[in-house]
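Numbering (our numbering), first residue to last: 41 to 495.
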C-alpha cells in the first residue's frame, strides 16, 4: 500500500463556537507552514504563545503553536497544532491561511491523521479503531474500555495468540521441509497439547471480545405486543421519563419510538412499536403502516420483549391475538416473555422463564434489566474489558474454526501435516486482520471513512 506524502490540514476541534479551536497539519516537512503562520521556528514539543500571521502580515489571532517533529508525533510525520480561539469564522480563516502558506497542502479526509499513524506503524488497526470508539463512547464503561484498547491491551492479547500460532506453524512447516526425518512430529512437539491450549485461549479471547463489542454497539431491544399491553408505559418506566404518549385508546403509538438507555454501562437501544394486530383490525392506513414497521423492527432486533397483559388473560380474542403474534415471531431472534400489569392481575400459572412486572408501579423492572443483560451475554464481573467491533468477533470466530480444523487433522492416525499447516496459516491470517498485519485497502477505507475530520 502506498502512503500518501501530501501534507494535510484540518480543523481538529468540534464544530461550533468554543473557548479553544485547533487546526492540525501533518506532512513530511512543515517548515514553510511554520515560518509563514508563526513567523519563526518553533522549539519541538513546546507550546509557544505567538501571533498567527495572515497572508498580508496582519495578525489573525494570538494563540499557542506546538511543533511535533517526525517521527515523534501522532502520525509519525511532522505535525503542527495551532490552538486559537474557537470561533468558527476565525478557524476557517486560519485553515485558509495554512492552505495558502504551504505548497501542496490539502484538506484532510475523515480519519486521515489516524490512518497515517497506522500506516507509519505508530498504532495498529485495533488501536486506530479504539480512537474512534473513545470519541464515540456513550457510557463511562465504554470510554474506559476504549482507552484500554487504545493503550494496546486488546492488541497485546491478539499478538500473543498469533505468536503461539506462528511457533507451531514453524514446527509443522519445518517438518514438511525435511520429510526424511523419521520422527513422530505430533508427539515430539506436543502439537496436540499446543493446539488445545491455543483453542482455549482463542475461545477466551472470543468471549471477551463479544463483551467488548456489546459494550461498544449495545443491544437493540424491541418492545412488542398487542395494543394497550403497556409497551409505551414500560419504555417510560425504563427511561424514567415521559418519552411516549400513553392513553387507553388502542393504536395510540403509530410509529417507532427509540431511546438509548444504559444498564451497568451497557447501551440498550429500546424501541417502542405500534401494537400488533391484524391489518384488517387497524383503525386506518397510518396504523397499518405502523404495524408493518413494528414487524420490521422485530426482524432487526437482538432481543424482543414480548409484552403480555396479565389483566386480559383468558379472553378468547386476546389469546387468539397472542397466538398469532407468537407464530409470526422470527425464529432467530431471542424472545423474552414479560407479563405486565401485575398490580391488576394474578401471576399464578405463568409459563416457565417468563417475568412478572408492573410498568405503573415499577415492580419487576430491576429483574427485567438483569434479564436483558443476561440475554445479551453480558458478564458484570468482567474486569479490564476492552472495546471491540463486529469484525473482531468474526475474525476470532474464523480463527477458532481454523484451529479446530487443525485439531481434527492432528487427531487423525496418519495426520496430513500439509493440511494442518494450512489451517494454522489461515488462523494466523485471521488474527492478523484484527491488528492490521493482514489487511486490504477496502477494509482500511471503510474503517477510516467513519472517523471525524481532523482525527
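Where is the CB? At the ideal position from N, CA and C, for every residue including glycine. This structure is a prediction, so every number in the text was calculated from the model and none was measured.
Could you tell me the boundaries of the alpha helix (DSSP H) in which residue i lies?
i	result
residue 71	71-78
residue 101	Careful: residue 101 lies outside any alpha helix (DSSP H), inside the beta strand (DSSP E) at 99-108.
residue 458	457-475
residue 269	Note, residue 269: premise wrong, no alpha helix (DSSP H); not H, not E.
residue 445	430-451
Using three-state DSSP, classify residue i as helix, strand or coil.
i	result
residue 493	coil
residue 114	coil
residue 301	strand
residue 286	With a pLDDT of only 44 at residue 286, under 50, the local geometry of the prediction cannot be trusted, and the value read off the model is given with reservation. Here residue 286 sits in coil by DSSP.
residue 276	helix
residue 46	coil
residue 66	strand
residue 223	Bear in mind that the predicted position of residue 223 carries a pLDDT of just 48, short of 50, making it too unreliable to give a figure here.
residue 88	strand
residue 294	Residue placement at residue 294 is poorly supported in this model, since its pLDDT is 46, which falls under 50; the coordinates still yield a value, given next. Residue 294: coil per DSSP, three-state reduction.
residue 397	coil
residue 347	strand
residue 245	helix
residue 330	helix
residue 357	helix
residue 59	strand
residue 41	Unreliable placement is indicated for residue 41, whose pLDDT of 39 sits below 50; the coordinate value is still reported in the next sentence. The answer is coil: DSSP assigns residue 41 none of H, G, I, E or B.
For the beta strand (DSSP E) that contains residue i, what are its first and last residues?
i	result
residue 158	Careful: residue 158 lies outside any beta strand (DSSP E), inside the alpha helix (DSSP H) at 152-159.
residue 264	259-264
residue 374	374-380
residue 312	306-312
Going by beta-carbon coordinates alone, are residue i and residue j separated by less than 8 Å?
i	j	result
residue 436	residue 205	no
residue 135	residue 49	yes
residue 311	residue 255	no
residue 94	residue 125	no
residue 266	residue 316	yes
residue 82	residue 145	no
residue 467	residue 439	yes
residue 100	residue 139	no
residue 249	residue 432	yes
residue 177	residue 166	no
residue 475	residue 164	yes
residue 62	residue 123	yes
residue 190	residue 171	yes
residue 412	residue 343	yes
residue 491	residue 151	yes
residue 497	residue 446	No statement about residue 497 is possible, as the shown extent of the chain runs from 41 to 495 and does not include it.
residue 461	residue 213	yes
residue 444	residue 239	yes
residue 373	residue 346	no
residue 331	residue 314	yes
residue 493	residue 169	no
residue 130	residue 51	no
residue 264	residue 195	no
residue 261	residue 308	yes
residue 370	residue 339	yes
residue 60	residue 53	yes
residue 471	residue 201	yes
residue 75	residue 106	no
residue 137	residue 108	no
residue 57	residue 121	no
Is there a Cβ from chain B that is less than 8 Å from the Cβ of residue i?
i	result
residue 433	Among the chains of the structure shown, chain B does not appear; only one protein chain is present.
Does the beta-carbon of residue i, which I'm using as the reference point, lie nearer than 7 Å to any heavy atom of the ligand NAP?
i	result
residue 96	As for the ligand NAP, it is missing from this structure, which has no ligand bound.
What residue ranges within the stretch 116-204 form continuous beta strand (DSSP E) runs of no fewer than 3 residues, ordered along the chain?
118-126
Are the stretch 155-170 and the stretch 103-120 touching by the rule of at least three beta carbon pairs closer than 8 Å?
yes
Would the stretch 396-408 count as touching the stretch 271-282 if we require 3 or more Cβ pairs under 8 Å?
yes
Okay, do the stretch 335-352 and the stretch 372-382 touch, 3+ Cβ pairs below 8 Å being the bar?
yes
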